[in-house]
Structures are given as C-alpha cells and as structure tokens.
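Reading the sequence shown from the start, the letters are residues 1 to 97 in my numbering.
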Amino acid sequence: GETVEEAALREVLEETGITAGIVAPLGIIDFWFAVEDRRIHKTVHHFFMRYLSGEINDDDIEVVDVAWVPFDDVSSRLAYRDERRLVAKARGMLGEI
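What follows is the structure, given as structure tokens:
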C-alpha cells in the first residue's frame, strides 16, 4: 500500500494533470452517502498542496471540470460547510509558507 499522502498526490495527478507537493495536512472529512439501496462510508484526507508542474486537464472519467480558481472565490464554489472550513484553514496557513 500507499500512504494517504501518496494517494492524494496520485489522485491530484490523475484527476487534474498537475504534479503537486504537500505543504501540510488540512484535515479529514468523514461522511456517509447512499448509492441505490446501500449506505457508503467515506473518509477523505485533505492536504494543502503547492503546484509543482503540469498542464491542467479533465481527462479522467471521474472528473467533470477542472479549473484554476482565485483563492477568494473557492469557498463560494463549495457545497459543504466542512470543505469551506478547510479552505478557511488553508487561508490562515498562507502567511506561514
């Protein structure tokens, strides 16, 4: 197996075409959702990452859209409060890097 950090970097590359480096962990979001008649438990590890290289693309079938978004606009594009909380945490970390 791979670590959660290795998995996150691999997923970013596969889903966006971007090679990134992890700056710091942001947090974990744990939730349930339903598919047909089954409940699925999902744990997502989020990381503050730095762009290293690559051309942005959405060639992965799991991805609907990929875009560079100004940091101030990110929260308004997120549907869930927990995700907005992590963006606020990342905002606070910007001065530290």
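We put the CB at the ideal spot given by N, CA and C, even for glycine. On a predicted model such as this, the values are computed, not experimentally measured, just so you know.
Residue i, DSSP secondary structure in three states
{"i": "Asp30", "result": "strand"}
{"i": "Val23", "result": "strand"}
{"i": "Gly95", "result": "helix"}
{"i": "Leu78", "result": "coil"}
{"i": "Val35", "result": "strand"}
Exposure of residue i, with buried meaning 16 or more beta-carbon neighbours within 10 Å
{"i": "Leu94", "result": "exposed"}
{"i": "Leu52", "result": "exposed"}
{"i": "Ala34", "result": "exposed"}
Host alpha helix (DSSP H) of residue i (start-end)
{"i": "Thr16", "result": "4 to 16"}
Host beta strand (DSSP E) of residue i (start-end)
{"i": "Gly54", "result": "38 to 54"}
Checklist entry - Would the region 53 to 65 and the region 13 to 25 be scored as touching if the rule is three or more Cβ pairs under 8 Å? => result yes
Checklist entry - Would you say the region 70 to 79 touches the region 39 to 52, given that touching needs at least three Cβ pairs under 8 Å? => result no
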